[in-house]
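See structure below.
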Amino acid sequence: DVKVTQSSRYLVKRTGEKVFLECVQDMDHENMFWYRQDPGLGLRLIYFSYDVKMKEKGDIPEGYSVSREKKERFSLILESASTNQTSMYLCASSFGREKLFFGSGTQLSVL
Amino acid sequence: KQEVTQIPAALSVPEGENLVLNCSFTDSAIYNLQWFRQDPGKGLTSLLLIQSSQREQTSGRLNASLDKSSGRSTLYIAASQPGDSATYLCAVRPHTGGGNKLTFGTGTQLKVEL
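Chains as they are written, first to last, in our numbering: chain A, 1 to 111; chain B, 1001 to 1114.
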């Protein structure tokens, strides 16, 4: 089975800190995604990447950037964390347009 | 813009009951539709994926159907068990634009009671 691993289950950061969320997949998927999930708002796409060094903005990219230097790894960066970025962050990957596989999520709290 | 609706938002049933979860979408130009399960505080687990050319997919006690023309999918769970308690989400993958901007429903929270 595909494994998508997110480096942290829980993170607590302070306002203004630079935050890195890491995601690794083990199935050579070309597509990788970052979503955030908030009560009442569902899943919203932040960024996705369809190849190494390639990225596209999703629906809510403001305040975030991403990095994909290796095919298996996709990083989400909060340049200067703010309290409204407190959320559950979910990484996913897929081969082409096929099944989407998710990691276990990172619950980020920004104080 | 694609919109995905899941009604009801919450459902409580006794153990052993067969049940149907609904997913509606507004734009029928989809590539596929995927059903997920999410336990509290966890990521999403893929249950079933239906391609746009298919009518249904089955896995164990789960059966998902797709009627693209009417913009509807259903997830049928047979002989429900307390372990089925979770939130169930559907997501549609578009046919256009590279197909990477999926749209998710907000989910149906299912509770199966003893």
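From the three backbone atoms N, C-alpha and C, an ideal C-beta is built for every residue, glycine too.
Quantities reported herein were computed from a predicted structural model and do not represent experimental measurements.
- Every beta strand (DSSP E) stretch that sits fully inside the region 1051-1078 of chain B and reaches 3 residues is listed by chain position as 1056-1059, 1062-1067 and 1072-1077.
- A:S82: not part of any beta strand (DSSP E); DSSP gives it neither H nor E.
- Collapsing the DSSP output to three states places B:P1082 in a helix.
- With distances taken between CA atoms, A:K3 lies nearest to A:C23 out of A:R9, A:V12, A:K18 and A:C23.
- Where B:Q1006 is concerned, there is no enclosing beta strand (DSSP E), because DSSP gives it neither an H nor an E.
- With respect to the C-alpha of A:S82, the residue from A:S75, A:R97 and A:G63 having the closest C-alpha is A:G63.
- In the DSSP assignment, the residues bridged to A:A92 are A:F33 and A:F102.
- In the three-state reduction of the DSSP assignment, A:G58 falls in the coil class, being assigned neither a helical nor a strand state.
- At least one CB atom of chain B sits nearer than 9 Å to the CB of A:R97.
- Each residue's CA atom was taken as its position, placing B:Y1031 and A:G16 some 40 Å apart.
- By the rule that beta-carbons nearer than 9 Å mark a contact, B:A1091 touches chain A.
- Assignment of B:G1041 by DSSP, reduced to helix, strand and coil, places it in the coil class.
- Contact between the region 27-39 of chain A and the region 54-72 of chain A is present, with at least three C-beta pairs closer than 8 Å.
- The C-beta of A:Q6 has 16 or more other C-beta atoms within 10 Å across all chains shown, which makes the residue buried.
- Of all residues in the region 45-67 of chain A, only L45, F48, Y50, E56, G58 and D59 place a beta-carbon less than 8 Å from a beta-carbon of chain B.
- The C-beta of B:A1091 has 16 or more other C-beta atoms within 10 Å across all chains shown, which makes the residue buried.
- In the DSSP secondary-structure assignment, B:N1018 is not bridged to any residue.
- Scanning its chain for C-beta atoms nearer than 8 Å, with the 5 sequence neighbours on each side dropped, one finds around B:E1113 the residues S1012, V1013, P1014, E1015 and P1082, in chain order.
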